[in-house]
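**Q** Add 156 to a position in the sequence shown, counting from 1, and you land on the number used in this note's numbering.
Just so you know, even glycine gets a beta-carbon here, dropped at the ideal spot from N, CA and C.
Sharing a structure below in structure tokens format, with a few things to ask.
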Amino acid sequence: MKNSNASKNQTIHRVLFTASASALAVAFAVAFPRPVYADDATPPPVPANIKVQAGNEAFLVGHGVGTQNYVCLPSSTGVAFTLFTPEATLFSDGDKQIITHFSSPNPFENNTNPAVVAAGTIRVTWQHSRDTSTVWGQVKPGNSSSDSAFVAPNAIAWLLVTVVGAENGPNGGDTLTKTTFIQRLNTSGGVAPSTGCRSPTDVGNLAFVPYTADYFFYKAEGD
């Protein structure tokens, strides 16, 4: 039985790394319409627990379209859908692609998870589409909100993401490397489905759930 479980876990891990290739196609096929945005990076009001600390200012906003990708895994309550990566494209106000969003190993943190073969801790990642500068982020405890006064029904939480790694592009591109924090706001969709992960026989099931969100990038004031 142990060998069977190990084989199944290995299969799941292989699926996780290959599944994202199809995620963007799913997202654009069923993507939500995006409203018209103002031409600035002024964030809306947010819950107190996801405010960016003083001394930082928003310098860039990207309007994201993609999927939240889940896999059914064993949990303390039986089984549950677990997010393994977002897969999204961020657009400017003029509908030009500016950033891709996914998960990847952060080379600035050691990987301490023996179940994952990676050079660094797996973190949410944003990579600039032109100069390939990249940042990795972590949602720290308490930096997530589903407050109904801000977050739409059946939408994923609003987040404050703390940057834990940044790297210039191979030709010195640095558009994103000055980022200190990222807020995920104005979310729509993306919540894990209520079906497809109810029993041990469902382990390994995948769900690519379309979503949209605005991502506000912050830097130190004066940087």
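1. Whole angstroms is fine: what's the gap from Gln283's alpha carbon to Leu341's?
2. Compute the Euclidean distance between the alpha carbons of Ala236 and Thr368, then round it to the nearest angstrom.
3. By the three-class DSSP mapping on this structure, what secondary structure does Asp358 have?
4. Taking only beta-carbon positions, decide if Ala271 is within less than 8 Å of chain C.
5. Can you give me the start and stop residues for the beta strand (DSSP E) that Asn267 sits inside?
6. Would you say Ala244 and Phe372 are within 8 Å of each other, going by their C-beta atoms?
7. Would you kindly report the start and end of the unbroken beta strand (DSSP E) that includes Val217?
8. Could you give the uninterrupted runs of the beta strand (DSSP E) lying entirely in the region 230-311, keeping only those of 3 residues or more?
9. Inspect the CB distances between the region 323-330 and the region 216-235 and report whether three or more fall short of 8 Å.
10. Three or more C-beta pairs under 8 Å: does that hold for the region 251-271 against the region 299-312?
11. Could you tell me which of Pro230, Asn225 and Ser231 sits nearest to Phe240, measuring between CA atoms?
**A** On the basis of the coordinates in this document:
1. To locate residue 283, count along the sequence shown from 1; it is residue 127. To locate residue 341, count along the sequence shown from 1; it is residue 185. Roughly 19 Å separates the two Cα atoms.
2. Position 80 of the sequence shown, counted from the start, is the residue given in the question as residue 236. Position 212 of the sequence shown, counted from the start, is the residue given in the question as residue 368. Whole-angstrom Cα-Cα distance: 23 Å.
3. Here residue 358 refers to the residue found at position 202 when the sequence shown is read from its first residue. Here Asp358 carries a helix assignment [DSSP, helix/strand/coil].
4. Protein chain content of the structure displayed is limited to a single chain, and chain C is not contained in it.
5. Position 111 of the sequence shown, counted from the start, is the residue given in the question as residue 267. Per DSSP, Asn267 belongs to no beta strand (DSSP E) and is neither H nor E.
6. Within the sequence shown, numbered from 1, the residue matching residue 244 stands at position 88. Within the sequence shown, numbered from 1, the residue matching residue 372 stands at position 216. No, Cβ-Cβ distance for Ala244 and Phe372 is not below 8 Å.
7. Residue mapping note: residue 217 aligns to position 61 of the sequence shown, counting from 1. Asn212 to Ser231 is the span of the beta strand (DSSP E), which, as asked, contains Val217.
8. Taking only runs of at least 3 residues, the beta strand (DSSP E) segments lying wholly in the region 230-311 are 234-247, 253-262, 277-284 and 290-294.
9. Not touching, per the Cβ criterion.
10. No contact exists between the region 251-271 and the region 299-312.
11. Within the sequence shown, residue 240 is the residue found at index 84, counting from 1. Looking at the Cα atoms, Asn225 is the closest of the given residues.
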